[in-house]
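Single-structure report; data block below.
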Amino acid sequence: MIQPLAVGVLVSGNGSNLQAIIDRIEDGSLPARIVCVISNKADAFGLERARKHGVPAIHIDHSAHGGRESYDAALVETLRSHGVQLVVLAGFMRIVTPVLLDAFPNAVMNIHPALLPAFPGLHAQAQALRYGVKFSGCTVHFVDEGTDTGPIIIQAAVPVMDDDDEASLSARIQREEHRAYPEAIRLFAAKRLRIEGRKVSILQGA
Ligand code: GRF
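Mapped onto numbering that gives the first Met the number 0, the consecutive letters of the sequence shown carry residue numbers 0 to 205.
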């Protein structure tokens with residue numbers, strides 16, 4: 000029997016995207032299994048969510064590692080030991096290095112709360128409000144060595160209202176994130192994402 004795609008999720012905080020992925024797996028609409036959730040923060044609520052669903056929740060402390068590469072080597076060891084095929088960054092507040100990317104080529108995804116390439120980096124929603132854009136949204140992309148620069152898989156747009164603040168815009172974007180991330184994983188699991196250079200095409204299928 001073919002095993003569903005083994006996903007490892009990396010979180011640093013709340014983990015609402017992790018929850019959306021768990022929910023889609025549990026309702027049968029995402030043929031994948033989360034084999035481990037890893038956080039650099041011991042108190043990340045995402046770890047709690049994982050435990051609640053019987054998923055191994057692992058804290059790997061970044062302060063115990065000399066540098067980014069050594070931290071990523073520890074991540075790779077744990078991800079591999081759980082048989083991970085796709086690494087999903089879901090609010091993971093660390094820059095990853097080639098140590099992780101080379102271990103999982105074209106198999107590390109991230110979600111960003113803006114329509115990239117606009118507003119990469121931190122506080123994307125505040126950047127969008129400051130700039131005065133009328134639409135923002137979210138982007139699911141493969142991770143490369145840059146910050147939020149990798150090939151784009153899926154984007155979803157939301158309007159920016161005149162009276163929005165960071166919280167109201169973030170909430171509107173998150174509703175789209177919770178649809179887009181499971182969908183990107185579903186396409187990956189179905190082998191329907193073809194990467195050519197920096198362009199990702201979505202192959203026809205179910
Ligand atoms: C999301 O807004 C995501 O776009 C960004 O970090 C946030 C994580 O939220 N990368 P959550 O922890 O999944 O609730």
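Glycine included, every Cβ here is placed at the ideal spot set by N, Cα and C.
Which of helix, strand or coil does DSSP assign to His-61? Within the sequence shown, the letter at position 62 stands for residue 61. In this structure, His-61 counts as helix in the three-state DSSP scheme.
N-terminal and C-terminal residue of the alpha helix (DSSP H) that His-177 is part of: Residue mapping note: residue 177 aligns to position 178 of the sequence shown, counting from 1. That run of the alpha helix (DSSP H) goes 165-188.
Taking only the alpha-carbon atoms, compute the straight-line gap between Glu-68 and Arg-93 and give it to the nearest angstrom. If you number the sequence shown from 1, residue 68 lands on position 69. If you number the sequence shown from 1, residue 93 lands on position 94. So the two alpha carbons sit approximately 12 Å from each other.
Quick check on this structure: which residue in Leu-128, Thr-96, Arg-185 has the alpha carbon closest to the alpha carbon of Val-139? On the sequence shown, position 140 is the one that residue 139 refers to. Distance from the Cα of Val-139 is smallest, within the candidate group Leu-128, Thr-96, Arg-185, for Arg-185.
The region 33-41 in contact with the region 109-120 per 3-pair CB rule at 8 Å: Pairwise C-beta distances place the region 33-41 out of contact with the region 109-120, as fewer than three of them are shorter than 8 Å.
Taking the alpha-carbon positions, what's the Ile-194 to Asn-105 distance? The sequence position of residue 194 within the sequence shown is 195, counting from 1. The sequence position of residue 105 within the sequence shown is 106, counting from 1. Separation of Ile-194 and Asn-105 (C-alpha to C-alpha, rounded to the nearest whole angstrom) is 8 Å.
Determine which residues share a DSSP beta bridge with Phe-134 and list them. Taking the first residue of the sequence shown as 1, we reach residue 134 at position 135. Phe-134 is bridged to Pro-158.
Check whether the region 55-70 touches the region 24-31, counting contact only when three or more Cβ pairs, one atom from each stretch, lie closer than 8 Å. Taking 8 Å as the limit for Cβ pairs, the verdict is that the region 24-31 does not touch the region 55-70.
State buried or exposed for Arg-129, treating a residue as buried only when at least 16 other CB atoms are found within 10 Å of its CB. Within the sequence shown, the letter at position 130 stands for residue 129. Exposed, since its Cβ has fewer than 16 Cβ neighbours within 10 Å.
Does the count of Cβ pairs from the region 78-85 and the region 152-172 closer than 8 Å reach three? Contact fails: fewer than three Cβ-Cβ distances are below 8 Å.
What's the gap between the Cα of Asp-164 and the Cα of Ser-15? As a position in the sequence shown, residue 164 is number 165, starting the count at 1. As a position in the sequence shown, residue 15 is number 16, starting the count at 1. So the two alpha carbons sit approximately 20 Å from each other.
Rounded straight-line distance, which links the Cα of Val-8 to that of Tyr-180: Residue mapping note: residue 180 aligns to position 181 of the sequence shown, counting from 1. Residue mapping note: residue 8 aligns to position 9 of the sequence shown, counting from 1. Each residue's Cα considered, the two are about 12 Å apart.
Segment limits, beta strand (DSSP E) that includes Ala-31: The residue labelled residue 31 in the question sits at position 32 within the sequence shown. Here the beta strand (DSSP E) through Ala-31 covers 31-38.
DSSP has Ser-80 in a bridge; who is on the other side? Position 81 of the sequence shown holds residue 80. Ser-80 is not bridged to any residue.
Could you please give the first and the last residue of the uninterrupted beta strand (DSSP E) stretch that includes Arg-23? Position 24 of the sequence shown, counting from 1, holds the residue named residue 23. Careful: Arg-23 lies outside any beta strand (DSSP E), inside the alpha helix (DSSP H) at 15-25.
Along the chain, where does the alpha helix (DSSP H) that runs through Ala-49 open and close? The residue you call residue 49 lines up with position 50 of the sequence shown. Residues 44-51.
Heavy atom of the ligand GRF less than 6 Å from the Cβ of Ser-15, yes or no? Locating residue 15 in the sequence shown gives position 16, counting from the first residue. Flag set: Cβ of Ser-15 near the ligand GRF.
Once the 5 residues before and after Leu-100 are set aside, which same chain residues still bring their CB inside 8 Å of it? Locating residue 100 in the sequence shown gives position 101, where the first residue counts as 1. Answer for Leu-100: Val-107, Val-142, Asp-143, Glu-144, listed in chain order.
Can you tell me which of the three DSSP states Leu-9 falls into? The count along the sequence shown starts at 1 and reaches residue 9 at position 10. Under the three-state reduction of DSSP output, Leu-9 falls in the strand class.
Per DSSP, cross-strand counterpart(s) of Leu-202: Walking along the sequence shown from the start, residue 202 turns up at place 203. Listed as beta-bridge partners of Leu-202 by DSSP are no residues whatsoever.
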